[in-house]
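In what follows, a single structure is set out as structure tokens and then discussed.
Protein chains: 2
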Amino acid sequence: MATPERTVQKYGGTSLGDLDRIRAVAARVKRRWEQGLNVAVVVSAMGGETNRLLALARSLSGEPDARELDVLLSTGEQVSCALLSLALKEQGVPAESLLGHQVRISTDSAHGKARIQSIKVSRIERAFEERKVAVVAGFQGIDSDDNITTLGRGGSDTTAVALAAALGATSCDICTDVDGVYTTDPRTCDQAVRLEKISYDEMLELAGLGAKVLQIRAVECAKRYGVKLRVCSSFGDDEGTWVVPEEEGMEEVLVSGVAFDRDQAKITVKLVPDTPGLAASLFGPLADKGVVVDMIVQNVSADGHTDLTFTVSGEDFSAATNLVQDVAEKVGAGGIDSSDTVAKVSVVGLGMRNHAGVAARMFEVLSDAGINIQMISTSEIKISVVIERDDVDKAVKLLHEAFVEDPGSLAESKPA
Amino acid sequence: MATPERTVQKYGGTSLGDLDRIRAVAARVKRRWEQGLNVAVVVSAMGGETNRLLALARSLSGEPDARELDVLLSTGEQVSCALLSLALKEQGVPAESLLGHQVRISTDSAHGKARIQSIKVSRIERAFEERKVAVVAGFQGIDSDDNITTLGRGGSDTTAVALAAALGATSCDICTDVDGVYTTDPRTCDQAVRLEKISYDEMLELAGLGAKVLQIRAVECAKRYGVKLRVCSSFGDDEGTWVVPEEEGMEEVLVSGVAFDRDQAKITVKLVPDTPGLAASLFGPLADKGVVVDMIVQNVSADGHTDLTFTVSGEDFSAATNLVQDVAEKVGAGGIDSSDTVAKVSVVGLGMRNHAGVAARMFEVLSDAGINIQMISTSEIKISVVIERDDVDKAVKLLHEAFVEDPGSLAESKPA
Numbered sequence: 341m342a343t344p345e346r347t348v349q350k351y352g353g354t355s356l357g358d359l360d361r362i363r364a365v366a367a368r369v370k371r372r373w374e375q376g377l378n379v380a381v382v383v384s385a386m387g388g389e390t391n392r393l394l395a396l397a398r399s400l401s402g403e404p405d406a407r408e409l410d411v412l413l414s415t416g417e418q419v420s421c422a423l424l425s426l427a428l429k430e431q432g433v434p435a436e437s438l439l440g441h442q443v444r445i446s447t448d449s450a451h452g453k454a455r456i457q458s459i460k461v462s463r464i465e466r467a468f469e470e471r472k473v474a475v476v477a478g479f480q481g482i483d484s485d486d487n488i489t490t491l492g493r494g495g496s497d498t499t500a501v502a503l504a505a506a507l508g509a510t511s512c513d514i515c516t517d518v519d520g521v522y523t524t525d526p527r528t529c530d531q532a533v534r535l536e537k538i539s540y541d542e543m544l545e546l547a548g549l550g551a552k553v554l555q556i557r558a559v560e561c562a563k564r565y566g567v568k569l570r571v572c573s574s575f576g577d578d579e580g581t582w583v584v585p586e587e588e589g590m591e592e593v594l595v596s597g598v599a600f601d602r603d604q605a606k607i608t609v610k611l612v613p614d615t616p617g618l619a620a621s622l623f624g625p626l627a628d629k630g631v632v633v634d635m636i637v638q639n640v641s642a643d644g645h646t647d648l649t650f651t652v653s654g655e656d657f658s659a660a661t662n663l664v665q666d667v668a669e670k671v672g673a674g675g676i677d678s679s680d681t682v683a684k685v686s687v688v689g690l691g692m693r694n695h696a697g698v699a700a701r702m703f704e705v706l707s708d709a710g711i712n713i714q715m716i717s718t719s720e721i722k723i724s725v726v727i728e729r730d731d732v733d734k735a736v737k738l739l740h741e742a743f744v745e746d747p748g749s750l751a752e753s754k755p756a
Numbered sequence: 341m342a343t344p345e346r347t348v349q350k351y352g353g354t355s356l357g358d359l360d361r362i363r364a365v366a367a368r369v370k371r372r373w374e375q376g377l378n379v380a381v382v383v384s385a386m387g388g389e390t391n392r393l394l395a396l397a398r399s400l401s402g403e404p405d406a407r408e409l410d411v412l413l414s415t416g417e418q419v420s421c422a423l424l425s426l427a428l429k430e431q432g433v434p435a436e437s438l439l440g441h442q443v444r445i446s447t448d449s450a451h452g453k454a455r456i457q458s459i460k461v462s463r464i465e466r467a468f469e470e471r472k473v474a475v476v477a478g479f480q481g482i483d484s485d486d487n488i489t490t491l492g493r494g495g496s497d498t499t500a501v502a503l504a505a506a507l508g509a510t511s512c513d514i515c516t517d518v519d520g521v522y523t524t525d526p527r528t529c530d531q532a533v534r535l536e537k538i539s540y541d542e543m544l545e546l547a548g549l550g551a552k553v554l555q556i557r558a559v560e561c562a563k564r565y566g567v568k569l570r571v572c573s574s575f576g577d578d579e580g581t582w583v584v585p586e587e588e589g590m591e592e593v594l595v596s597g598v599a600f601d602r603d604q605a606k607i608t609v610k611l612v613p614d615t616p617g618l619a620a621s622l623f624g625p626l627a628d629k630g631v632v633v634d635m636i637v638q639n640v641s642a643d644g645h646t647d648l649t650f651t652v653s654g655e656d657f658s659a660a661t662n663l664v665q666d667v668a669e670k671v672g673a674g675g676i677d678s679s680d681t682v683a684k685v686s687v688v689g690l691g692m693r694n695h696a697g698v699a700a701r702m703f704e705v706l707s708d709a710g711i712n713i714q715m716i717s718t719s720e721i722k723i724s725v726v727i728e729r730d731d732v733d734k735a736v737k738l739l740h741e742a743f744v745e746d747p748g749s750l751a752e753s754k755p756a
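Sequence order for the protein chains is P and A.
Position 97 of the first sequence, counted from 1, bears residue number 437 in the working numbering, the numbering being contiguous throughout.
Position 70 of the second sequence, counted from 1, bears residue number 410 in the working numbering, the numbering being contiguous throughout.
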């Protein structure tokens with residue numbers, strides 16, 4: 341008899357939000373198992389559980405110890421793990437829950453943001469040999485000293501992908517409350533359509549831009565190990581969106597999606613003396629405080645002075661402003677300007693690698709609509725602009741129309 | 341510098357019922373730690389948590405798989421463990437939570453009722469070397485295949501005692517919501533007084549009789565390894581009751597306590613043919629169904645037939661009656677009598693070993709009060725009687741008065 345194909349499915353907290361949903365997930369896992377596949381399921385904590393536990397810890401301690409927080413939070417996945425195994429058995433499917441220390445998902449010791457170093461698959465393979473479904477706790481691992489670690493928010497995606505790689509699974513389904521990756525957010529633009537497939541690189545750019553269906557680290561891991569990912573609904577049977585290695589023909593689609601992040605703030609440090617080490621003295625303190633800086637733009641220096649603008653999330657705005665104020669005085673800058681009413685809009689697509697017209701067309705579309713561009717940043721397959729928050733809906737609709745719904749005019753001008 | 345003395349403290353679910361109580365427990369642990377002792381704390385799940393988890397499992401499955409149930413229930417202790425460690429650190433006490441698989445509390449594989457086989461103390465000793473408080477999850481262990489096991493209800497007491505033995509601790513405090521072991525239940529008899537100390541054997545008899553301050557297995561374990569146990573309040577600073585090896589002078593106290601169990605039922609199988617194997621054919625099926633039989637009384641056979649009476653808990657009454665009905669027919673018994681309105685009252689004390697007068701005096705006290713004795717059972721240090729439930733309060737008050745408050749008359753008649 342041939343060895344059965346292996347697959348990994350990951351279910352998020354919303355999909356496991358109550359006992360009825362857990363039963364529904366069990367039924368869904370059962371269908372794959374009945375098809376003859378060996379299935380490893382990776383689970384998150386039940387919806388709301390991680391926040392409940394976090395609130396307990398924060399009531400006891402302003403800055404909860406990272407090691408103990410991991411011990412606490414990891415119980416969330418342990419509970420879902422056991423409950424899903426019970427639900428599977430109740431439906432006649434042999435199943436076994438496995439925690440980080442049982443599988444031996446080895447990580448470094450960076451509590452709260454640990455990185456997976458290796459996964460032993462022998463225990464899961466033993467379960468497979470008995471035709472059991474292996475129900476693996478996501479988000480958690482164990483360091484070399486047997487301390488429990490967690491991978492950070494959304495870490496279960498990473499667990500699933502790493503496990504799929506270690507098991508040589510033919511696919512890894514990320515089952516969630518949306519049914520795939522869309523060309524843009526359907527709530528903002530009703531012309532949004534689901535993508536059948538998308539490349540790892542495009543998904544990485546989208547994930548980094550607030551299209552929060554997949555963790556960046558999980559996509560990076562999938563890319564590194566060539567794991568074929570599928571984002572699909574936990575409840576329906578639609579095919580969803582495949583996130584796959586770049587294939588021939590993918591570049592023919594100029595722009596795969598229009599992404600945006602409404603919650604941005606920008607800070608400009610004016611007339612900074614343009615000396616070596618300036619950026620370090622500015623961004624070092626921000627990094628120390630855990631402020632994530634997104635876009636950074638610095639103009640060419642004039643008269644030994646320059647303006648430097650960067651964006652942070654709205655949440656970090658006031659902390660960042662205070663820190664930058666201090667630094668600005670120390671380095672003798674001319675002052676700072678700031679705004680927390682901005683947003684970022686981006687177009688992403690492999691096709692733009694070989695096509696110079698995308699940026700120009702994007703600026704033209706926005707300009708025609710009277711939308712002012714405050715910052716621009718580009719990568720090989722992405723162009724992002726910062727605009728006023730009030731303009732986001734209009735910008736997304738127009739860019740989606742120009743690039744996704746009717747990309748004709750640009751395709752015609754594609755170089756031979 | 342001398343190696344600090346080691347002590348173990350165990351806190352139950354009520355003592356850890358909310359965050360304020362967890363803070364209070366941390367403050368109490370801190371006082372011991374500040375005295376220079378190395379402290380290992382064993383914790384139960386927060387009050388109500390185990391039942392909440394059990395209800396989730398039972399909603400999914402009528403008979404939840406024992407292995408998965410252990411994975412689920414053990415999260416309760418894991419949560420308290422992490423929270424108490426956080427509370428200790430917040431109060432400036434270095435602390436480290438340790439779970440069953442981290443300490444390596446090795447058990448057999450009997451899920452839900454596992455027995456501890458060994459405890460490695462190296463990880464706890466490492467914590468002690470750093471002057472950390474080790475906060476150990478009670479109730480849970482790990483089998484030889486790294487499966488999580490639990491020790492059964494109240495198992496945290498056993499964890500604490502076994503840990504105290506393994507660590508060579510000078511004492512093991514069982515901190516709970518009562519402040520010690522009483523001569524009888526103060527709610528029933530307001531003359532009840534707290535015992536300063538009691539022997540393991542007396543405590544074993546009391547624990548088995550519904551005085552539920554300590555698990556029998558924990559007392560057995562303490563006796564085997566000579567661990568000095570103390571039952572005390574989690575909230576006050578009273579000395580509580582010491583449970584210790586038998587000491588000189590202990591026998592001078594005739595009766596240490598009057599225990600009772602209101603929730604009993606008795607079943608009599610009448611005119612059974614008195615043949616070998618009869619008891620086995622009767623009690624085998626009961627054991628198979630998990631019915632715990634307490635007292636068994638069989639009269640001397642007359643004409644090859646005998647009556648056999650036994651007691652079970654009220655909870656098991658109807659199941660036991662049904663089973664016994666079947667067996668009675670098979671063995672050709674004359675029928676069965678049963679009652680679920682009975683109760684058991686016992687007097688316990690090392691002193692009665694050398695004193696024949698206790699039983700007689702007990703029967704006299706009950707008889708004078710018009711209380712009918714339905715069954716009698718004795719051990720070396722205990723006399724139990726079954727009476728009507730309605731008579732319990734009166735019986736307990738009278739026996740307490742006769743043996744504990746005013747034992748003079750009997751002591752006088754003690755043989756030289």
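Idealized CB from N, CA, C, for every residue including glycine.
All values derive from a computational prediction rather than experimental measurement.
Task: CA-to-CA distance, alanine 380 of chain A to glutamate 345 of chain A, given in whole angstroms - done: Counting from 1 along the second sequence, the entry for residue 345 of chain A is found at position 5. Counting from 1 along the second sequence, the entry for residue 380 of chain A is found at position 40. Answer to the nearest angstrom: the Cα atoms are 11 Å apart.
Open item on the list: Going by beta-carbon coordinates alone, are valine 567 of chain P and threonine 581 of chain P separated by less than 8 Å?
Closed with: By 1-based counting over the first sequence, the position of residue 567 of chain P is 227. By 1-based counting over the first sequence, the position of residue 581 of chain P is 241. No, the Cβ-Cβ distance between valine 567 of chain P and threonine 581 of chain P is not below 8 Å.
- [ ] Give the straight-line distance between the Cα atoms of valine 637 of chain P and threonine 649 of chain P, rounded to the nearest whole angstrom.
- [x] On the first sequence, residue 637 of chain P is found 297 positions in, with the first residue counted as 1. On the first sequence, residue 649 of chain P is found 309 positions in, with the first residue counted as 1. Distance between the alpha carbons of valine 637 of chain P and threonine 649 of chain P: 5 Å.
- [ ] Would you identify the three-state DSSP class for valine 475 of chain A, choosing helix, strand or coil?
- [x] Translated into the one-based positions of the second sequence, residue 475 of chain A becomes position 135. In the structure shown, valine 475 of chain A sits in a strand (DSSP, three-state: E or B).
Open item on the list: Going by beta-carbon coordinates alone, are threonine 651 of chain A and glutamine 604 of chain A separated by less than 8 Å?
Closed with: Sequence index remark: in the second sequence, residue 651 of chain A carries index 311 (1-based). Sequence index remark: in the second sequence, residue 604 of chain A carries index 264 (1-based). Going by beta carbons, threonine 651 of chain A and glutamine 604 of chain A fall inside the 8 Å limit.
Open item on the list: Can you confirm whether serine 399 of chain A, when its beta carbon is compared against all beta carbons of chain P, has any partner nearer than 8 Å?
Closed with: Taking the second sequence and counting its residues from 1, the one referred to as residue 399 of chain A is at position 59. Judged by the 8 Å Cβ criterion, serine 399 of chain A is in contact with chain P.
Open item on the list: Please classify alanine 422 of chain A as buried or exposed, where buried requires at least 16 other C-beta atoms within 10 Å of its C-beta.
Closed with: Residue mapping note: residue 422 of chain A aligns to position 82 of the second sequence, counting from 1. Burial call: buried.
TODO: Kindly indicate the opening and closing residues of the alpha helix (DSSP H) around valine 501 of chain P.
DONE: Taking the first sequence and counting its residues from 1, one reaches residue 501 of chain P at position 161. Valine 501 of chain P -> alpha helix (DSSP H) spans 495–507.
Open item on the list: With a threshold of 8 Å between beta carbons, is serine 573 of chain P in contact with chain A?
Closed with: Sequence index remark: in the first sequence, residue 573 of chain P carries index 233 (1-based). Not one beta carbon of chain A lies nearer than 8 Å to the beta carbon of serine 573 of chain P.
Task: Cutoff 6 Å; reference aspartate 517 of chain P; Cβ partners in own chain excluding five residues on either side - done: In the first sequence, residue 517 of chain P corresponds to position 177, counting from 1. Excluding residues within five positions, the ones whose Cβ falls inside 6 Å are Thr354.
Task: With 16 other Cβ atoms within 10 Å as the buried cut-off, status of asparagine 639 of chain P - done: Counted from its first residue, the first sequence places residue 639 of chain P at position 299. Looking at its Cβ environment, which holds fewer than 16 other Cβ atoms inside 10 Å, asparagine 639 of chain P is exposed.
Task: Proximity to glutamate 469 of chain A [Cα-Cα], best of A:Glu436, A:Ile713 and A:Asp483 - done: Position 129 of the second sequence, counted from the first residue, corresponds to residue 469 of chain A. Each of A:Glu436, A:Ile713 and A:Asp483 was checked against the Cα of glutamate 469 of chain A, and the nearest Cα belongs to A:Glu436.
TODO: Tell me whether glutamate 545 of chain A is buried or exposed, calling it buried when 16 or more other Cβ atoms sit within 10 Å of its Cβ.
DONE: Residue mapping note: residue 545 of chain A aligns to position 205 of the second sequence, counting from 1. Under this definition glutamate 545 of chain A is a buried residue.
Task: Assumed close pair glycine 432 of chain P, glutamate 542 of chain P - CB separation to whole angstroms, cut-off 8 Å - done: For the purposes of this step, residue 432 of chain P is taken as the residue at position 92 of the first sequence. For the purposes of this step, residue 542 of chain P is taken as the residue at position 202 of the first sequence. Wrong, their Cβ atoms sit about 41 Å apart, outside the cutoff.
- [ ] Pick helix, strand or coil for threonine 718 of chain P, following the three-state DSSP scheme.
- [x] Translated into positions along the first sequence, residue 718 of chain P becomes position 378. In the structure shown, threonine 718 of chain P sits in a strand (DSSP, three-state: E or B).
Open item on the list: As an exercise, report each continuous alpha helix (DSSP H) stretch of at least 4 residues that is fully enclosed by the region 404–477 of chain A, in chain order.
Closed with: 406–430, 440–443 and 462–469
TODO: Return the first residue and the last residue of the alpha helix (DSSP H) that asparagine 662 of chain A is part of.
DONE: Counted from its first residue, the second sequence places residue 662 of chain A at position 322. From DSSP, the alpha helix (DSSP H) with asparagine 662 of chain A extends over 657–671.
- [ ] Kindly confirm or deny that the region 482–494 of chain P and the region 399–410 of chain P touch, where touching means at least three C-beta pairs closer than 8 Å.
- [x] yes
- [ ] Taking only heavy atoms of the ligand HEM into account, decide whether any of them is closer than 7 Å to the Cβ of aspartate 628 of chain A.
- [x] Only the bare structure without any ligand can be found here, which leaves the ligand HEM out of the picture.
Open item on the list: Check whether chain A comes within 8 Å of glutamine 442 of chain P, counting only Cβ atoms and requiring the distance to be less than that.
Closed with: Taking the first residue of the first sequence as 1, we reach residue 442 of chain P at position 102. Yes, contact with chain A.
Open item on the list: Taking the alpha carbon of valine 595 of chain A as the reference point, which residue from A:Leu706, A:Arg455, A:Met692 and A:Ile711 has its own alpha carbon closest?
Closed with: Along the second sequence, one-based indexing puts residue 595 of chain A at 255. Proximity to valine 595 of chain A across A:Leu706, A:Arg455, A:Met692 and A:Ile711 peaks at A:Met692, based on C-alpha coordinates.
TODO: Would you mind stating whether lysine 429 of chain A and valine 443 of chain A have Cβ atoms separated by less than 8 Å?
DONE: Along the second sequence, one-based indexing puts residue 429 of chain A at 89. Along the second sequence, one-based indexing puts residue 443 of chain A at 103. In this structure, valine 443 of chain A does not lie closer than 8 Å to lysine 429 of chain A by Cβ.
TODO: Establish whether the CB of glutamate 389 of chain A and some CB of chain P are separated by less than 8 Å.
DONE: Position 49 of the second sequence, counted from the start, is the residue given in the question as residue 389 of chain A. No, its Cβ sits nowhere closer than 8 Å to a Cβ of chain P.
Task: Below-8 Å beta-carbon distance, valine 411 of chain P vs any chain A residue - done: The sequence position of residue 411 of chain P within the first sequence is 71, counting from 1. Chain A contact via Cβ: present.
TODO: Determine, using beta carbons only, whether proline 616 of chain P and histidine 645 of chain P come nearer to each other than 8 Å.
DONE: As a first step, residue 616 of chain P must be located in the first sequence, where it is residue number 276. As a first step, residue 645 of chain P must be located in the first sequence, where it is residue number 305. Cβ atoms of proline 616 of chain P and histidine 645 of chain P: not closer than 8 Å.
Open item on the list: Beta-carbon within less than 6 Å of serine 724 of chain A's beta-carbon, same chain only, minus the 5 sequence neighbours each way: which residues are those?
Closed with: Against the second sequence, residue 724 of chain A aligns to sequence position 384. Hits under 6 Å: Lys684, Ser686 and Ser717.
Open item on the list: Out of P:Leu738, P:Val732 and P:Ala699, which one is the CA nearest neighbour of aspartate 708 of chain P?
Closed with: As a working mapping, residue 708 of chain P is identified with position 368 in the first sequence. Of P:Leu738, P:Val732 and P:Ala699, the residue nearest in Cα terms is P:Leu738.
Task: C-beta contact flag for lysine 606 of chain A and serine 679 of chain A at 8 Å - done: Here residue 606 of chain A is taken as the residue at index 266 of the second sequence, counted from 1. Here residue 679 of chain A is taken as the residue at index 339 of the second sequence, counted from 1. Closer than 8 Å, so yes.
Open item on the list: On the criterion of 16 or more Cβ atoms from any shown chain inside 10 Å, does glutamine 375 of chain A qualify as buried, or is it exposed?
Closed with: Here residue 375 of chain A corresponds to residue number 35 of the second sequence, with the count starting at 1. Exposed: under 16 other Cβ atoms inside 10 Å.
Open item on the list: With a threshold of 8 Å between beta-carbons, can lysine 460 of chain P be considered close to chain A, or not?
Closed with: Counting from one through the first sequence, the residue named residue 460 of chain P turns up at place 120. For lysine 460 of chain P, the answer is no, since every Cβ of chain A falls outside 8 Å of its Cβ.
Open item on the list: leucine 438 of chain P and glycine 416 of chain P - do their beta-carbons sit closer together than 8 Å?
Closed with: Translated into the one-based positions of the first sequence, residue 416 of chain P becomes position 76. Translated into the one-based positions of the first sequence, residue 438 of chain P becomes position 98. For glycine 416 of chain P and leucine 438 of chain P, no; Cβs fall outside 8 Å.
Open item on the list: Quick check: glutamine 714 of chain A and valine 732 of chain A, are their CB atoms within less than 8 Å of each other?
Closed with: Taking the second sequence and counting its residues from 1, the one referred to as residue 714 of chain A is at position 374. Taking the second sequence and counting its residues from 1, the one referred to as residue 732 of chain A is at position 392. With contacts defined by Cβ atoms closer than 8 Å, glutamine 714 of chain A and valine 732 of chain A do not form a contacting pair.
TODO: Using 10 angstroms around the beta-carbon of aspartate 666 of chain A, count the other beta-carbons present and answer buried if the total reaches 16, otherwise exposed.
DONE: To locate residue 666 of chain A, count along the second sequence from 1; it is residue 326. Aspartate 666 of chain A comes out exposed.
Open item on the list: If I measure Cβ to Cβ from proline 625 of chain A and keep anything under 7 Å in the same chain, skipping five residues before and after, which residues do I get?
Closed with: Translated into the one-based positions of the second sequence, residue 625 of chain A becomes position 285. So the qualifying residues of the chain are Leu663 and Val667.
Task: Residue environment, valine 559 of chain A, which counts as buried when at least 16 other CB atoms sit within 10 Å - done: For the purposes of this step, residue 559 of chain A is taken as residue 219 along the second sequence, with counting starting at 1. Under a 10 Å Cβ-count criterion, valine 559 of chain A is classified as buried, with 16 or more other Cβ atoms of the shown protein chains found around its own Cβ.
Open item on the list: Please report the distance separating the alpha-carbon of glutamate 586 of chain P from that of aspartate 656 of chain P.
Closed with: As a first step, residue 586 of chain P must be located in the first sequence, where it is residue number 246. As a first step, residue 656 of chain P must be located in the first sequence, where it is residue number 316. Straight-line spacing of the CA atoms in glutamate 586 of chain P and aspartate 656 of chain P works out to 35 Å.
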